[in-house]
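S.K.: For this note's numbering, count along the sequence shown from 1 and bump the result up by 22.
We put the beta carbon where it would ideally sit given N, CA and C, even for glycine.
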Amino acid sequence: MAIIGFDLNKISIERTGDVRGEIKINNNVSIKEIDKISVPIKREGQEGLRFGFEFTSDYEPKIGSALIKGNVIVVEDKKKAEDILKQWKKDKKAESDVMTAVLNTVLEKCNIEALILSREVNLPPSIPLPKVKPKKA
23 MAIIGFDLNK
33 ISIERTGDVR
43 GEIKINNNVS
53 IKEIDKISVP
63 IKREGQEGLR
73 FGFEFTSDYE
83 PKIGSALIKG
93 NVIVVEDKKK
103 AEDILKQWKK
113 DKKAESDVMT
123 AVLNTVLEKC
133 NIEALILSRE
143 VNLPPSIPLP
153 KVKPKKA
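Printed below as a string of structure tokens:
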């Protein structure tokens, strides 16, 4: 399996309240659809698959949220691609090795995007950032 593409088609972030006290941030990613697509860069016996995803960051208390939607494009062996599609149509699941690679790609790209966007609307960072701690004497 090879991930050959990543694109975003919706980015939304809003701050709905003031930042006060302890804030919890829940980041979530889910695959909404998997379908076969035509890709120009594939070898004989391979198929292209598009994994449509949705990434959300929800702030508690409800001071804001972020939503990112997009697609991950994968090239996979034809037989395995057919199995993935069949399993997806049956019970909205796919093999764990494929899902792990796709979800990690989404998390890597979307966490960075959400971090930048949260700064623009003055929300706390959506992921923990490293901090310097003073040395004790």
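1) Based on DSSP bridge pairs, tell me the residues matched to I90.
2) According to DSSP, simplified to helix, strand and coil, what is K111?
3) Residues in the same chain with beta-carbon distance under 8 Å from V94, minus the five sequence neighbours each way, listed in chain order, please.
4) Of the residues R37, D40, I33 and D57, which one's Cα is nearest the Cα of I106?
5) Expressed to the nearest angstrom, what Euclidean distance is found between the alpha-carbon atoms of K102 and V61?
6) To the nearest angstrom, how far is it from the Cα of N49 to the Cα of K91?
7) Since I believe P146 is in contact with V41 (beta carbons under 8 Å), could you give me their beta-carbon distance rounded to a whole number of angstroms?
8) Run the CB neighbour count on L139, radius 10 Å, all protein chains shown included, and call it buried at 16 or more, exposed below.
9) Please name the residue or residues paired with N48 in a DSSP beta bridge.
10) Confirm, please, whether the CB-CB distance from I47 to S148 is below 8 Å.
11) Taking the beta carbon of S79 as the centre, do at least 16 other beta carbons fall within 10 Å, making it buried, or is it exposed?
M.R.: According to the structure shown:
1) I90 is bridged to I33 and F77.
2) K111: helix per DSSP, three-state reduction.
3) Leaving aside the five residues that flank V94 on each side, the residues in its chain whose CB is nearer than 8 Å to its CB run, in chain order, I25, G27, F28, R72, F73, F75, V124, T127 and V128.
4) That would be D57, whose Cα lies nearest to the Cα of I106.
5) Looking at the backbone, the Cα of K102 and that of V61 are separated by about 16 Å.
6) Inter-residue distance for N49 and K91 is about 13 Å (C-alpha atoms, whole angstroms).
7) That pair is a contact at about 6 Å.
8) So L139 counts as buried.
9) Bridge partners of N48: D80.
10) Yes, Cβ-Cβ distance for S148 and I47 is below 8 Å.
11) Within a 10 Å sphere around the beta-carbon of S79 sit 16 or more other beta-carbons, which makes this residue buried.
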